[in-house]
Each structure stands twice: as C-alpha cells, then as structure tokens.
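What follows is one structure encoded as structure tokens, with my remarks underneath.
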Amino acid sequence: MDVLRKFGWDDGWAEAFAPHASAGLSPARVAAREGSLYRLWTEGGERDAAISGKFKLELSRGATLPAVGDWVAVDLKPTRGVIKAALPRRTVVSRKEAGERERMQVLVANVDVILIVCGLDGDFNLRRIERYLAVVREGGARAAVLLNKADLCPEAGARLAETRLVAGEVPVHALSAKFGDGASVLDEYVRPGATVALLGSSGAGKSTLVNRILGREKQATKEVREDSRGRHTTTSREMFLTPSGAILLDTPGLREIQLAEAAEGIRQTFPDVEALFGTCRFDNCRHHKEPGCAVIAALESGSLDHARWESYLKLKAEEAVRGMKDWERRRHDRKFARVVDEALRRKRKRE
Ligand code: GDP
Ligand code: ZN
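In this text, residue positions in the sequence shown follow the working numbering: the first is 2, and each later residue adds one.
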C-alpha cells in the first residue's frame, strides 16, 4: 500500500476498507470525474472506471456520487474498473444544487486543508472571506486564509488585522504568489500525505499559487479518452502530487463555487470598467481592436490596469458558461415535467 500512501492513504482508511478488501476489491482514489467516467489512482497506476449498477440504485436513496478525492472500492478485473462502494468521507466541500430540490452536491471530498485565497487588490472583501470560511467549516476541513498580491498593497498589515478579526481561530497570512514573498507559509499546509485545495474568486491568484506549489506550470492539456459508450471525452487533470509529497486538488467544480458570487456582482466589483463601455465610439464595441474604444485607450494610458481588465473578461466568460448550463438545466426540467404530466394523464385515464 506504499503507493496509496502517496495519495493520502492511512491506517484509518485501511480499517474502513477492510470489508471491501475481503470482498476482493481494490482501494483507489478518485482523481477526476467527467460525467459518469471516473479516473482513479490505484496501486497499479491510473485507471478508468464507472460506477456499478447497484451503486446507481443507492444514489436514488440519497447517496451522493463519488467526488474527486473520494476513496472507493473498485473491481479492477474488467478493462474498465467498476466502482462498487465509496468509503465514508472525512470532509466535504459541497453546495446546494440549483433548482428547487435542496440536494447537496459534493464538489470535493477528503480534503485536509483548504486555502482560501483572496487578492489584496480590488478582490479584497471580508464578507466573501466569511462566506468561504462558512463553506469550509460546514464541510469539516481545516482552513487558512491567504491574502495574496501583498506586493500590490501598502496596507497589507491593516488588512491582515481586519481579516484575523473575522477569521477567528483560522490562521491568516499575507503573501505574493507571483513574486514569492511570504510564500514559505505554504510549507505548513502542503505537507506529505496531506490533501490540499484552493478556494477563492476568479483572479485571486489560485493558478499562480498552484504553479508555485507544483514548482512548474500546471499543464493545461486535456487527455482524450473513451467513455462507456465508446465516445471520446476529454478530461483535465484535477489531482496532483506536489514535490513536497502533498496531494493538491484543483477541480473546475471547486472553482465554480466562485460563480455564485460572480452573479452577485460583476457590476458591483467593476463599476469603473463598465462605466468605460458607455464612452466607446460604437455602441456594439467589443473592446478588442475597434477605433475609439475607451477600454483600449484606458489600458494604453494606464488608467485601467491590465490585470483588472483580464479578471473582468475572465469573470464574464465564466458567467457565460454558467448561463449556458442554467439554460440546459431548464430545458432538462421542462422535459421532465412533460414526462410527469404524460404519466399523470395516463393514470387518470385508467382510473
Ligand atoms: P485565479 O483566477 O485565481 O487562478 O488567478 P490567477 O492565478 O490566474 O491570477 C490572476 C492575475 O493575478 C494574473 O494576472 C496573475 O499574474 C496575477 N497575480 C497572481 N498572484 C499575484 C501576486 O502575488 N502579485 C501580483 N501583483 N499579481 C498576482
Ligand atoms: Zn470599446
């Protein structure tokens, strides 16, 4: 089990797994999920897997799908592994699923430490830090707050003090992910065998921190694989081993938590940026190469910061993706409503 220890396996997990071991199943950790296709880390390397029919049945009785970070019991004999069970979780990060049904969606499981990242630029927001702290506390993981971009903030000391007041027992640190000042505090959290994840709004510096922790550029390349019906799907890597021996989770699901708040106020956060749009020469200006564009002029004169403009664009892009998903969800709900109506009508006819 030495290989598994690198992925966070310990005596507690071994004990919980014992009944599955007697049933001939192997332990594995969920490294990524794309729809119903799972990527597992097993003792013998990475494997694809799907969940068993019996597991699916349990889902209708309130169980949740295995999430990234979960430990599962898998039958590895078939070419595609079959996940038969999941071990009880130590911690979760979850959110309420959109829609009326108040179902919790588990975004990641078994994270030991969650680093809440907040930029000491326009991103700094105590209320938001409080909300992230609430999410972490609810799920049982340890938290630490990282006030990033300290290089941009002359009042970092005052910000630290304010944040410590709202964070209570949770440690708060100021650092610069980009330049490395203060980054040695990361060693306290990114420890051998510990599972670590980052939480924070778009532009706070999570990718920059991930690269610093991994000591290299995280690969953006996607792997192409075949799902159970032979279709090709792409999945990104979501779980990484760090040089110090920690396990780092960076999943789109966790990153999506920030979207709820993006909806709450791109406008509130970027009033200066959106005010510029009204002064572009053309109403339909895309602020790209158009003549008379106020955004381009502001970028050139330096009155609008390039990084700020980038984070604005990033948030807008994420909001667009979210909008598409909402639309798809509504379509799905309408379809479901029709199925229910049809069933009721048939029932009434019979009566
Ligand atoms: P993410 O959306 O949370 O992953 O944020 P990124 O890591 O992509 O960072 C957003 C922007 O902030 C990028 O332009 C980074 O170069 C910049 N950035 C990140 N960390 C720092 C920092 O410590 N100092 C400064 N000045 N800029 C930073
Ligand atoms: Zn423009």
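Beta carbons: idealized from backbone N, C-alpha and C, even for Gly.
- Shown here, F283 sits in coil according to DSSP, grouped into three states, outside any helix or strand.
- The nearest non-hydrogen atom of the ligand ZN is 6 Å or more from the C-beta of H307.
- Between L161 and the set E59, G169, D284, H174, the nearest pair of CA atoms involves H174.
- Between K207 and L215 a beta carbon distance of about 12 Å is seen, past the 8 Å cut, so the two are scored as non-contacting.
- Cα atoms of G169 and A144: separation of roughly 11 Å, rounded to the nearest angstrom.
- About 10 Å separates the Cβ atoms of K150 and D182, ruling out a contact at the 8 Å cut-off.
- Cβ contact annotation for T280 (same chain, cutoff 7 Å, sequence separation greater than five): A295, in chain order.
- As for any beta strand (DSSP E) of minimum length 3 sitting wholly inside the segment 25-107, the runs are 27-35, 38-43, 46-52, 72-76, 82-87, 93-97, ordered along the chain.
- Excluding sequence positions up to five before and after F125, its CB lies within less than 7 Å of the CB of C119, R160, all in the same chain and listed in chain order.
- Excluding the 5 residues flanking it on each side, V83 has same chain C-beta neighbours closer than 6 Å at S53, D76, in chain order.
- In the structure shown, F18 falls within a helical segment according to DSSP collapsed to helix, strand and coil.
- With fewer than 16 other Cβ atoms from the protein chains shown falling within 10 Å of its own Cβ, F278 counts as exposed.
- Taken from the Cβ of V274, every heavy atom of the ligand ZN lies 6 Å or farther away.
- Taking one beta carbon from each stretch, the segment 54-64 and the segment 23-30 have fewer than 3 pairs nearer than 8 Å; the two do not touch.
- Taken through DSSP and simplified to helix, strand or coil, H307 comes out as helix.
- With respect to the C-alpha of R287, the residue from K317, S302, S304 having the closest C-alpha is K317.
- For V296, the distance from the CB to the nearest heavy atom of the ligand ZN is below 6 Å.
- With respect to I115, A142 sits close: the two C-beta atoms are nearer than 7 Å.
- A50 counts as buried, since at least 16 other C-beta atoms from the protein chains shown sit within 10 angstroms of its C-beta.
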